[in-house]
Amino acid sequence: MEFWEKELETLPQDKLTRLQLDRLNLVIQSAVRSPYYRSLFSGNGDLESLRDIREVNGIPFTTKQHLRDHFPYGFLTLPRKELIRLHSSSGTTGNPTVVFHNRHDIDSWSNLMARSLFCAGVRDTDVFQNIVGYGLFTGGLGFQYGIERLGALSIPAGAGNSARQIKLMRDYGTTVIHAIPSYLARLYDVFLAEGVNPRTDTELRMLIIGAEPHTEAQRQRIQEMFGVKAYNSFGLSEMNGPGVAFECEYQNGLHIWEDAFLVEIVDPETLEPVPDGEYGELVMTTLDRQAMPLIRYRTRDITRILPGICPCGRTHRRIDRITGRTDDMFIIKGCNIYPMQVEGILLRVAEVGSDYVIRLETIDDQDEMIVEVEVKKDWFRGDLLFLDQLQKRLTHMIRDEVLVTPRVKLVEPGSIPKGEGKAVRVFDNRQN
Amino acid sequence: MAYQVSVFLENKIGHFARVTRVLKDISVNIRTMTLTNTANGWGILNLLVSDPEKACESLAEQGFSVALREVIALRMVDRPGGLDELLVKIAGAGISFDNAVGRITDEGKSAILVLDVKDPSEAREKLKAVGINELESHIVYGIPEKT
Chain V
938 MEFWEKELET LPQDKLTRLQ LDRLNLVIQS AVRSPYYRSL FSGNGDLESL
988 RDIREVNGIP FTTKQHLRDH FPYGFLTLPR KELIRLHSSS GTTGNPTVVF
1038 HNRHDIDSWS NLMARSLFCA GVRDTDVFQN IVGYGLFTGG LGFQYGIERL
1088 GALSIPAGAG NSARQIKLMR DYGTTVIHAI PSYLARLYDV FLAEGVNPRT
1138 DTELRMLIIG AEPHTEAQRQ RIQEMFGVKA YNSFGLSEMN GPGVAFECEY
1188 QNGLHIWEDA FLVEIVDPET LEPVPDGEYG ELVMTTLDRQ AMPLIRYRTR
1238 DITRILPGIC PCGRTHRRID RITGRTDDMF IIKGCNIYPM QVEGILLRVA
1288 EVGSDYVIRL ETIDDQDEMI VEVEVKKDWF RGDLLFLDQL QKRLTHMIRD
1338 EVLVTPRVKL VEPGSIPKGE GKAVRVFDNR QN
Chain X
225 MAYQVSVFLE NKIGHFARVT RVLKDISVNI RTMTLTNTAN GWGILNLLVS
275 DPEKACESLA EQGFSVALRE VIALRMVDRP GGLDELLVKI AGAGISFDNA
325 VGRITDEGKS AILVLDVKDP SEAREKLKAV GINELESHIV YGIPEKT
């Protein structure tokens, strides 16, 4: 068995826990330099070092709302001149979620990413085509730095343009692809349309899939299409991005890098820890991030720790694939979307009501987001062109906000249930 | 000055019938209708009826998005070439229209053409200038002249 960092990856559980405790105490000490954690811990007098990792229980959770309320610099522990990069969530309404990195953080993240890729079986002899968006989205640069650290040849292809992706693959003999699972199904269709067989006409030997929830059946289908194995990747922008947890060659859950992240699974109602094997909300603490440490961050992702030891020899525990969320966020085409973002847009358009329904459907094998909205009666003039332009305007505004082009459907007034209390706004009818 | 009734309709089974049901209940007669569908799952129903104001009011009460749109009605002769004759004059007057519907008022004798234009008063002026007069609304609505 080969490892990227054998000692760290196979550290016995007791030593790993010891390492976590040491790092956690350092994190707490440095976190108090940030305005947010300084005020959080100010009532505690002198912060005593924790003596047992389980004492982390006594520290309050950090939530996305805290990040938004203290946007942009409230979690920074370092002067701004130390920072070298930021990644931010999309959106034009409200405060985005932003994470800052200093040189150490980028270095640490790149190493975790390289470790993740190596763990799945990528080697420096590979040609790695990264088919996700570059820019503020962490999947582009996160993978890029990892591929380079590992030493494989990177093709920073970016998202979209399937015909060009296939040409790149054939021109340079791509052996590994990273993409969101829903895109791979589409890419396969283009392969067929171009008369190219991905199994025989390419050098492809493995796929990395992530950034979007998918079932085991969907993974199997992708593996059958391309004739190679597809390995799961998990990450979230608040924890750098990709490189948080990754599957090894056994494809039996994702090793979560416990030297870099303290992992808790809690009951989302009681917020008490649940035993390994039981589902709950994933709560994470950064253990190796300097510029912007986060302590007990509620990811809202639902998963569980898989009990037992992985035959690969890595001692870092494995999480199951994400089965859901404890908030109303949904993911489509690799983009994280909150219904509130759509609502925010609708409130800015006088011609439509603020009630809406979002339907996620699979149409012609592609996931689509359908937004149904009512045209206000007072604005109706019987003018086809006006409605057509209104529909186009809404489409562009929502796309600019959530980065996915919706299908906006104007519906008759009264056909959408009024938003009283906790109205269900999102209906997920996707077949995958 | 005549009006047509425009209704926003989703392209769903039974939705058109909801409109006709309302008109039936208030005894309003439909003279012509056009239904425009878009690729986006909705369309607009344009109606010329015996009492547009009453129709509009009742449809609005029933929750429809409905509007009264001013239209221009012109006389033509009900024989081959009748429409062509009129359209040549309309084009000569420099009038463009978004939508149009025709109706026979007296078989073999007369018919009317109803135009949906952007600026009805401007169109009216231009038509007057070439000697075409707009028909009175009661002819469009197919009701006896009000005295």
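Protein chains in written order, with my numbering: chain V, 938 to 1369; chain X, 225 to 371.
Backbone N, C-alpha and C define an ideal beta-carbon position, used for all residues, glycine too.
Please classify residue i: is it buried, with 16 or more other beta-carbons within 10 angstroms of its beta-carbon, or exposed?
| i | result |
| --- | --- |
| I1246 (chain V) | exposed |
| G1072 (chain V) | exposed |
| K1018 (chain V) | exposed |
| M1143 (chain V) | buried |
| D1063 (chain V) | buried |
| E1140 (chain V) | exposed |
| T1137 (chain V) | exposed |
| Y1234 (chain V) | buried |
| M938 (chain V) | exposed |
| I1242 (chain V) | buried |
| M1176 (chain V) | buried |
| E1207 (chain V) | Glu is not the amino acid found at residue 1207 (chain V); the sequence shown has Thr there. T1207 (chain V) comes out exposed. |
| G305 (chain X) | exposed |
| I237 (chain X) | exposed |
| G1097 (chain V) | exposed |
Comparing the C-beta of residue i with each C-beta of chain V, is any distance below 7 Å?
| i | result |
| --- | --- |
| I200 (chain X) | With chain X represented from 225 up to 371, any question about residue 200 (chain X) goes unanswered, as that position is not in the structure. |
| G287 (chain X) | yes |
| S230 (chain X) | yes |
| E234 (chain X) | yes |
| A347 (chain X) | no |
| G306 (chain X) | no |
| R293 (chain X) | yes |
| G265 (chain X) | yes |
| I237 (chain X) | no |
| I254 (chain X) | no |
| I296 (chain X) | no |
Using a Cβ cut-off of 7 Å (strictly closer), state whether residue i contacts chain X.
| i | result |
| --- | --- |
| R1318 (chain V) | yes |
| P1354 (chain V) | no |
| V1348 (chain V) | yes |
| K1104 (chain V) | no |
| Q1303 (chain V) | no |
| K1314 (chain V) | yes |
| Q1328 (chain V) | yes |
| L1331 (chain V) | no |
| L1321 (chain V) | yes |
| G1351 (chain V) | yes |
Which stretch, first to last residue, makes up the beta strand (DSSP E) that contains residue i?
| i | result |
| --- | --- |
| F1346 (chain V) | At residue 1346 (chain V) the sequence reads Lys, which differs from the Phe that was named. Taken as a continuous stretch (DSSP letters only), the beta strand (DSSP E) holding K1346 (chain V) covers 1344-1348. |
| I237 (chain X) | Note, I237 (chain X): premise wrong, no beta strand (DSSP E); not H, not E. |
| L1231 (chain V) | Counting along the chain, L1231 (chain V) falls outside any beta strand (DSSP E), and DSSP gives it neither H nor E. |
| I1268 (chain V) | 1267-1269 |
| P1205 (chain V) | Looking at the DSSP string, P1205 (chain V) is not in any beta strand (DSSP E), and its letter there is neither H nor E. |
| Y1125 (chain V) | Where Y1125 (chain V) is concerned, there is no enclosing beta strand (DSSP E), although the alpha helix (DSSP H) it sits in stretches over 1118-1130. |
So residue i is in the alpha helix (DSSP H); what residue range does that whole segment cover?
| i | result |
| --- | --- |
| S976 (chain V) | 972-978 |
| K1166 (chain V) | No alpha helix (DSSP H) holds K1166 (chain V); the beta strand (DSSP E) holding it covers 1166-1173. |
| G1214 (chain V) | Premise fails: G1214 (chain V) is in no alpha helix (DSSP H) and is neither H nor E. |
| A317 (chain X) | Note, A317 (chain X): premise wrong, no alpha helix (DSSP H); not H, not E. |
| Q1328 (chain V) | 1321-1339 |
| E944 (chain V) | 943-946 |
| E346 (chain X) | 344-353 |
| W1046 (chain V) | 1040-1057 |
Of all the CB atoms in chain A, is at least one closer than 7 Å to the CB of residue i?
| i | result |
| --- | --- |
| F321 (chain X) | The structure shown contains no chain A; its protein chains are V and X. |
Return yes when the Cβ of residue j is within less than 7 Å of the Cβ of residue i, no when it is not.
| i | j | result |
| --- | --- | --- |
| P1150 (chain V) | G1079 (chain V) | no |
| D343 (chain X) | V295 (chain X) | no |
| A1228 (chain V) | L1004 (chain V) | no |
| F1317 (chain V) | S345 (chain X) | no |
| V1308 (chain V) | P1350 (chain V) | no |
| R299 (chain X) | L359 (chain X) | yes |
| E1261 (chain V) | A1148 (chain V) | A quick correction: the sequence has Gly, not Glu, at residue 1261 (chain V). No, they are not a contact pair. |
| I1401 (chain V) | L1023 (chain V) | A query on residue 1401 (chain V) cannot be resolved here, the shown segment of chain V reaching from 938 to 1369 and no further. |
| A317 (chain X) | K350 (chain X) | yes |
| S335 (chain X) | A226 (chain X) | Note on identity: in this sequence residue 335 (chain X) is Ala, with Ser being the wrong assignment. No, they are not a contact pair. |
| V229 (chain X) | L271 (chain X) | yes |
| L1224 (chain V) | A1197 (chain V) | yes |
| T1252 (chain V) | L948 (chain V) | yes |
| V964 (chain V) | P1248 (chain V) | no |
How close, in whole Å, do the beta carbons of residue i and residue j come, if the pair is a contact with beta carbons under 8 Å?
| i | j | result |
| --- | --- | --- |
| I1239 (chain V) | E1218 (chain V) | 6 Å |
| I319 (chain X) | L1321 (chain V) | Contact doesn't hold; Cβ gap of about 19 Å is too wide. |
| E1311 (chain V) | I1353 (chain V) | 6 Å |
| V1220 (chain V) | E1195 (chain V) | With 8 Å as the limit, V1220 (chain V) and E1195 (chain V) do not qualify as a contact, their Cβ atoms being about 13 Å apart. |
| P1118 (chain V) | I1146 (chain V) | 5 Å |
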